[in-house]
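Data first, discussion second: the structure below is written as structure tokens.
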Amino acid sequence: MINLLKRLKKEFLKKKLKDNEFLFLFDDPPEDEYVVFDTETTGLNPKTDDILSIGAVKIKQNRILLNDRFYTVVKPEREINEETIKIHGLRKKDLENGIPIEKAIKDFLRFIGSRPLVGYYIDFDVAMINKYTKKIIGIPLPNKKIEVSGMYYDYKIGTIPQGFVDLRFDSILKGLKIPSFGKHDALNDAIMTGLIFLKLKSKN
């Protein structure tokens, strides 16, 4: 029944697709391949905030393909305040040299293809991407989503008597003995999330 509903939803979205160039989003995903991604944004509300950068890497056969990565900075369509700049670390100069959001989204879609998407609190990042894909190609992302904080919770909960699992990003890195790259930008966070995913995937 669940598979039938998924197929029906997929067919419904395919009919709503406005640009046939992106029909590849509905292809069967390549075997044992994933895309890990992260976004930097002006805030935490997908309805009112905007994407400033997108970082992503591909995983194939349990290896992060650092030579096959995606990173782009988006030129904002409105003025960005100084406090926001302090959070994401992108300078005004970086943003002024960014690319238009429509090109960024289309390039990102070509990069991910039909692969499952992996992320840390991925629902937020997907919601930010969907804000634009709905306007540009008429549909939200049809890709499967995998949440690493949920994987980590399932892995840890049986070992903690009091039933509390610290799901902060740096705490997960520490708990899995994965080194932090220090600088938090979209690409570095995507790579570290990929390491989290592979470590947890190996424990299943």
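First residue of the sequence shown? That's 769 in this note's numbering, and the numbers climb one at a time after it. Ideal placement from N, C-alpha and C gives every residue a C-beta, glycine not left out.
- Consult DSSP for S917 and reduce its assignment to one of helix, strand or coil. Position 149 of the sequence shown, counted from the start, is the residue given in the question as residue 917. Looking at S917 - three-state DSSP - the assignment turns out to be helix.
- Task: List the residues that DSSP assigns as beta-bridge partners of N801.
- Result: Here residue 801 is taken as the residue at index 33 of the sequence shown, counted from 1. Reading off the sequence, residue 801 comes out as Glu, not Asn. Paired residues: K828.
- Message: On the DSSP bridge list, what partners appear for F838?
- Response: Taking the sequence shown and counting its residues from 1, one reaches residue 838 at position 70. Bridge partners of F838: A824.
- Query: Given that a residue counts as buried once 16 or more other Cβ atoms are within 10 Å of its Cβ, and exposed if not, what is I867?
  - Reply: Translated into positions along the sequence shown, residue 867 becomes position 99. Burial check for I867: the Cβ neighbour count within 10 Å stays below 16, so the residue is exposed.
- Item | Segments assigned beta strand (DSSP E), at least 3 residues, entirely inside the stretch 861-912 | For the stretch 861-912, the full-length beta strand (DSSP E) segments reaching 3 residues or more read 885-887 along the chain.
- Message: Only counting the same chain, and skipping five residues up and downstream in sequence, which positions put a Cβ closer than 6 Å to that of F876?
- Response: One-based indexing of the sequence shown puts residue 876 at position 108. Closer than 6 Å at Cβ, skipping near neighbours: I822.
- Item | Neighbourhood of K971 by C-beta, 7 Å cutoff - its chain only, sequence neighbours within 5 removed | As a working mapping, residue 971 is identified with position 203 in the sequence shown. In its chain, beyond the 5 residues on either side, Y923 have a beta carbon closer than 7 Å to the beta carbon of K971.
- If L776 and P910 are in contact, beta carbons under 8 Å, what's the gap, nearest whole angstrom? Working through the sequence shown from its first residue, we reach residue 776 at position 8. Working through the sequence shown from its first residue, we reach residue 910 at position 142. Actually they do not touch by this definition, with Cβ atoms about 12 Å apart.
- Message: Using only the alpha-carbon positions, how far apart do V905 and L785 sit?
- Response: Residue 905 sits at position 137 when you count from the first residue of the sequence shown. Residue 785 sits at position 17 when you count from the first residue of the sequence shown. The sequence given here places Ile at residue 905; Val does not occur at that position. Each residue's Cα considered, the two are about 6 Å apart.
- Query: Rounded to whole angstroms, how far is the Cβ of T816 from the Cβ of I848, which I believe are closer than 8 Å?
  - Reply: Indexing the sequence shown from 1 puts residue 816 at position 48. Indexing the sequence shown from 1 puts residue 848 at position 80. Actually they are not in contact, since the Cβ atoms of T816 and I848 sit about 13 Å apart, beyond 8 Å.
- Query: What is the DSSP secondary structure of D806, reduced to helix, strand or coil?
  - Reply: To locate residue 806, count along the sequence shown from 1; it is residue 38. If DSSP states are grouped into helix, strand and coil, D806 belongs with the strands.
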